[in-house]
Amino acid sequence: MGLLDMVEQVAGGSNNADHARVAGGLLEELQQHPGGIGGLLQSLQQNGSGGLVQQWSNGQTQPANPTDMESGLQGTGMIDKIAQRTGLSPTVVKTGLAVTLPILIHHMTANNHVTPTGEMTGNQPAPHDLLSAVMGRLL
């Protein structure tokens, strides 16, 4: 079962179903993104979103502004790729990323899977375990 299939099964018709679909699409996309979550963090840092990454790493996981997602992920193609994977509009994806990225980044840094600067450690979670952790915070 793919990550998006898992999301559909768990989220169903909940109010946060779109955010959950974005989370699943993001995790699937990160499996193919150069550098994975580390590469994503480096892109955020390079595009001027280092302050947000630091806040999220420190546990301040309140949603970001969707425009911050657009500027922070500029040049990665991530928003459009997630939109294609999920069938959601890029606008909905940006809103979903504004909610899910803070949770994902905090989980990954707090559990020593990656540093806030994007350096990977040897301790990587299975994608399904990571999705479960993020979904637990969303739903």
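Residue numbers for the sequence shown, in my numbering: 10 to 148.
Built from N, CA and C at the ideal position, the CB exists for glycine as well.
For the alpha helix (DSSP H) that contains residue 42, what are its first and last residues? No alpha helix (DSSP H) contains residue 42, which DSSP labels as neither H nor E.
Report the rounded CA-to-CA distance for residue 113 versus residue 42, giving the unit in angstroms. 16 Å
Measure from the alpha carbon of residue 62 to the alpha carbon of each residue in 132, 126, 133 and 31, then state which is nearest. 126
Proximity to residue 99 [Cα-Cα], best of 89, 106 and 84: 89
Taking the continuous alpha helix (DSSP H) assigned at residue 108, which residues delimit it? 99-119
Closest by C-alpha distance to residue 108, when choosing among 38, 70 and 53: 70
Contact set for residue 74: own chain, Cβ-Cβ below 8 Å, skip 5 residues either direction: 107
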